[in-house]
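Since the structure comes first, as structure tokens, the remarks are kept for the end.
2 protein chains.
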Amino acid sequence: MTWGAVGQTRIGLLGAGTVGGALCELIAARRLGVQVAHVLVRDPDKPRAAGVPTAALTTDPEEVLAGSEVIVELMGGTGLAGDLMLRALAAGKRVVTANKAVLAERWDAFAPALAAGTLYFEAAVMAGTPAVAPLAGVLRGSRPLELHAILNGTCNYILGELETGADFETALAEAQRLGYAEADPSLDVDGVDAAHKLTLLARLAFDPELSWEAVRANTRGIRHLTPAVIKEAMEDGGRIRLVGSVYPEGGAWRAAVRPVYLPPSHALAGSASNRNGLLFRGDAVGEVLITGAGAGAAPTASAVLADLLDALAARPGPSPLRAAAPQPDGYEAHPLGEIK
Amino acid sequence: MTWGAVGQTRIGLLGAGTVGGALCELIAARRLGVQVAHVLVRDPDKPRAAGVPTAALTTDPEEVLAGSEVIVELMGGTGLAGDLMLRALAAGKRVVTANKAVLAERWDAFAPALAAGTLYFEAAVMAGTPAVAPLAGVLRGSRPLELHAILNGTCNYILGELETGADFETALAEAQRLGYAEADPSLDVDGVDAAHKLTLLARLAFDPELSWEAVRANTRGIRHLTPAVIKEAMEDGGRIRLVGSVYPEGGAWRAAVRPVYLPPSHALAGSASNRNGLLFRGDAVGEVLITGAGAGAAPTASAVLADLLDALAARPGPSPLRAAAPQPDGYEAHPLGEIK
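Take a look at the structure:
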């Protein structure tokens with residue numbers, strides 16, 4: 001048996017962009033013995049990455065759903081992607097996804113699958129760097145106190161450019177030229193992508209009922225940051241980063257995304273601008289820091305493949321808490337200086 | 001139902017030292033609804049931590065095994081602790097342990113339980129800081145390239161003292177006075193404890209057949225380090241730390257524990273001396289760093305409690321690879337300067 005071999009399960013891919021291509025290459029390199037049987041795409045004639053089996057391309061979602069035992073959703077968006085996942089889950093199939101938006105905004109619809117552990121979404125947050133699994137697993141041994149995380153690579157890149165003296169529009173244009181930012185960059189630079197990811201982490205470790213609307217209302221992006229503000233932060237040896245936080249406030253868990261000043265001593269300040277970082281504080285475990293790539297085709301495909309291995313072995317996926325974690329009595333969260 | 005409630009399962013504790021006491025307190029604070037039904041101790045008259053149910057204390061292992069549905073082993077050692085765990089596993093019970101020594105040295109005996117996922121040992125490496133779970137889970141989405149980890153808190157403390165100018169004997173005596181080091185400190189300062197932990201990580205992510213003897217033969221401790229050597233490292237802004245590494249060498253995975261020089265730019269050099277750190281490089285995910293407390297009663301109990309939650313929910317524990325991960329072709333591992 002080869003390393004990681006798991007039999008001839010038929011996999012259905014929804015979407016075959018850069019992550020899908022990287023996943024097909026990983027599956028082939030690992031000789032998993034799975035078969036990528038159906039690949040849903042909009043345009044079958046578009047060129048695809050080397051590992052994508054062109055004979056499996058189809059524009060018919062029904063073919064993918066009917067002919068696949070495990071579904072991997074990489075098409076993105078909160079509409080059709082979510083509808084197809086829900087149908088596959090309702091039909092008893094296991095589903096792997098990298099789609100933070102649909103889970104953040106339509107979480108309740110996925111509740112039965114989340115409770116059953118048939119939905120896998122490690123790739124939705126920080127790509128292949130462990131985030132979903134630790135918060136739904138090992139770190140549950142402690143009561144949560146607070147969490148702070150750098151979750152968006154595009155904002156990191158732009159902030160790094162601002163540190164070199166570029167203005168926001170120039171930095172954004174460069175990020176778009178390099179393929180880091182979409183033509184419509186608002187999901188990234190307005191903090192929506194980070195808010196989607198934070199919502200998932202917060203529901204796993206703090207409050208399963210946290211609403212998307214509440215997080216969205218506490219979200220601000222980086223468009224308003226000027227070179228002068230960045231320069232001032234750097235004079236102190238610190239950095240400005242878009243940080244998503246969960247912390248106790250007024251008897252409830254508050255989740256917010258906003259640019260903050262990180263002093264040089266802060267654990268999240270040390271990461272390079274191409275890395276994401278997650279800082280968790282728990283009552284028993286203390287402070288845990290996890291850093292690594294937070295985006296990119298290969299790191300994202302790495303997480304998808306790990307989830308696929310779990311799905312194929314029928315290991316249950318992450319389940320949310322059954323009730324909100326209790327507020328820590330008299331605990332003062334470590335404040336971060338918000339940049340207005 | 002309270003946060004995390006899982007019913008009235010009867011738990012049997014083997015050992016009730018500082019970690020056992022901390023665990024009993026966490027269980028009570030979380031209102032898990034489990035019952036610590038039996039607690040095996042050597043001396044029932046010795047004072048115990050507040051949370052330990054004194055009525056459950058017994059010196060009879062048979063009572064614990066017969067009357068408990070889940071066994072939590074915190075007594076340590078490679079003899080009786082291992083024998084009792086193996087008997088519980090053979091009887092179909094799930095077992096949680098913090099015992100890295102017995103798993104490193106008697107791994108083959110635990111093979112059936114490891115394959116079945118009925119043995120849980122997150123606490124055995126880096127306490128409640130995620131280590132076992134990521135290597136047996138998310139990080140399996142990438143082929144491993146190399147791993148470097150700071151795994152022993154006592155050595156970290158002593159090396160921190162050496163950095164202030166103390167000599168080894170003085171630093172060791174202070175570590176013993178503070179309770180960081182045992183009266184017989186050889187497991188820590190000769191690198192054996194780190195080698196036990198590294199062996200587990202290497203088997204989960206690199207080679208399931210890696211022998212304890214091979215790792216032990218590549219292990220050197222910190223007794224020979226002089227203040228002059230430490231001082232020289234600090235002059236470059238770097239640090240000397242006891243690091244366990246796994247990397248490809250001559251067509252096989254080599255695992256070694258030894259004091260190395262970490263330049264200031266190295267990811268593991270930034271951690272405070274009271275923290276452990278794990279750096280994993282994979283082909284798709286790139287470099288992932290996880291740091292946090294690596295010892296202590298509460299952080300260790302945090303990992304035990306997380307494992308206990310999994311065991312109670314019958315979520316499978318970590319399983320080793322089925323075959324060694326392939327050597328990366330032409331890959332040059334990042335060398336670390338060994339201190340002779």
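Taken in order, these protein sequences are the chains called A and B.
Heads up, the first sequence is in UniProt numbering, so the first residue is 1 and it goes up one at a time.
Heads up, the second sequence is in UniProt numbering, so the first residue is 1 and it goes up one at a time.
We treat Cβ as the ideally placed atom computed from N, Cα and C, and that holds for glycine.
A quick note: this is a predicted structure, and the numbers were derived from the prediction, not measured.
Asked: Between A/Val257 and A/Thr154, what straight-line distance do the alpha-carbon atoms span, to the nearest angstrom?; Found: 15 Å
Asked: Any C-beta of chain B within less than 9 Å: which residues of the region 124 to 155 of chain A qualify?; Found: Ala127, Gly128, Thr129, Pro130, Ala131, Val132, Ala133, Pro134, Gly137, Val138, Leu139, Arg140, Gly141, Ser142 and Arg143
Asked: For a cutoff of 9 Å on Cβ pairs, would you count A/Arg220 as touching chain B?; Found: no
Asked: Going by the beta-carbon positions, is the gap between A/Ala311 and A/Val96 smaller than 9 Å?; Found: yes
Asked: Distance, Cα to Cα, B/Ala202 vs A/Asp167?; Found: 46 Å
Asked: Please confirm whether B/Leu14 and B/Leu40 have their CB atoms less than 9 Å apart.; Found: yes
Asked: Please tell me whether A/Pro185 has its Cβ less than 9 Å away from any Cβ of chain B.; Found: no
Asked: Taking C-alpha atoms, which residue in A/Trp253, A/Arg94 and A/Gly292 lies nearest to A/Ala324?; Found: A/Trp253
Asked: Using beta-carbon positions only, say whether A/Ala104 and A/Trp212 come within less than 9 Å of one another.; Found: yes
Asked: Quick one: grab the DSSP three-state call for B/Ala284.; Found: coil
Asked: Please work out which residues of its chain come closer than 6 Å, Cβ to Cβ, to B/Thr199, disregarding the five sequence neighbours upstream and downstream, and give them in chain order.; Found: Ala104, Trp212 and Val215
Asked: Whole angstroms is fine: what's the gap from B/Glu146's alpha carbon to B/Gln8's?; Found: 43 Å
Asked: Out of A/Leu289, A/Ala284, A/Gly282 and A/Arg94, which has the shortest C-alpha to C-alpha gap to residue 342 of chain B?; Found: In the structure displayed, chain B extends from 1 to 340; residue 342 of chain B sits before or after that span and is not available.
Asked: Counting C-beta neighbours from all protein chains within 10 Å, is the total for A/Ala267 16 or more, i.e. buried, or is it exposed?; Found: buried
Asked: Would you tell me roughly how many angstroms separate the C-alpha atoms of A/Thr164 and A/Pro264, rounded to the nearest one?; Found: 17 Å
Asked: Just checking my contact of A/Pro208 with A/Leu321 at CB under 8 Å: how many whole Å lie between their CB atoms?; Found: 5 Å
Asked: Expressed to the nearest angstrom, what Euclidean distance is found between the alpha-carbon atoms of B/Ala306 and A/Ala183?; Found: 43 Å
Asked: Just checking: is the beta-carbon of B/Glu338 within a distance shorter than 9 Å of some beta-carbon in chain A?; Found: no
Asked: Report the residues of the region 57 to 68 of chain B with a CB closer than 9 Å to any CB of chain A, ordered along the chain.; Found: none
Asked: For chain B, is any of its Cβ atoms less than 9 Å away from the one on A/Ala205?; Found: no
Asked: When Cβ atoms are compared, which residues of the region 278 to 296 of chain B fall closer than 7 Å to chain A?; Found: Gly282, Ala284, Val285, Gly286, Glu287, Val288, Leu289, Ile290, Thr291, Gly292 and Ala293
Asked: Under the DSSP definition of a beta bridge, which residues are partnered with A/Pro248?; Found: A/Trp253
Asked: How far does the beta strand (DSSP E) with B/Ile71 in it reach, from first residue to last?; Found: Val70 to Glu73
Asked: I think B/Ala295 touches B/Ala127, with their Cβ atoms under 8 Å apart; what is that distance to the nearest whole Å?; Found: 6 Å
Asked: Take the Cβ of A/Leu178 as the centre, count every other Cβ of all protein chains shown within 10 Å, and call the residue buried at 16 or more, exposed below.; Found: exposed
Asked: B/Arg281: buried (16+ other C-beta within 10 angstroms of its C-beta) or exposed?; Found: buried
Asked: Helix, strand or coil: which one does DSSP assign to A/Asn276?; Found: strand
Asked: Strictly under 9 Å for the Cβ-Cβ distance: is B/Glu122 near chain C by that measure?; Found: Checking the listed chains, one finds no chain C in this structure; the protein chains it contains are A and B.
Asked: Of all the alpha helix (DSSP H) runs that stay within the bounds of the region 174 to 254 of chain A, which reach a length of 4 or more residues?; Found: 186 to 189, 192 to 205, 212 to 217 and 227 to 235
Asked: What are the start and end residues of the beta strand (DSSP E) that includes B/Val39?; Found: Gln35 to Leu40
Asked: In chain B, which residues lie less than 8 Å from A/Leu309 when you measure between Cβ atoms?; Found: Arg140 and Gly141
Asked: For A/Thr129, which three-state DSSP category applies?; Found: coil
Asked: If you compare alpha carbons, which of A/Leu242, A/Gln35 and A/Asp43 is closest to A/Glu338?; Found: A/Leu242
Asked: Are there 16 or more other CB atoms within 10 angstroms of the CB of A/Val19, so buried, or fewer, so exposed?; Found: buried
Asked: Rank B/Ala314, B/Asp43, B/Ala111 and B/Ala56 by C-alpha distance to the C-alpha of B/Gly82 and give the top, closest one.; Found: B/Ala111
Asked: Helix, strand or coil for B/Pro134 per DSSP?; Found: helix
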